[in-house]
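Numbering (this note's numbering), first residue to last: 13 to 54.
Here it is as structure tokens:
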């Protein structure tokens with residue numbers, strides 16, 4: 013039982029790390045697009 017909880021915790025931790033990485037990637041892409049829009053307007 014304890015091993016299963018530990019396994020689930022590990023999986024959850026890895027998923028949260030992965031989701032934060034994906035979020036950072038999306039954010040940087042979003043910023044890059046906005047910078048390009050800004051420079052194309054000026």
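We put the beta carbon where it would ideally sit given N, CA and C, even for glycine. Remember, predicted model here, so these are calculated numbers, not experimental data.
Tell me where the alpha helix (DSSP H) around residue i begins and ends.
i, result
"residue 41", "14-53"
Among the residues of its own chain, which have a CB less than 8 Å from the CB of residue i, if the five just before and after it don't count?
i, result
"residue 41", "none"
What does a CB cutoff of less than 6 Å around residue i pick up in its chain, not counting 5 residues either side in sequence?
i, result
"residue 19", "none"
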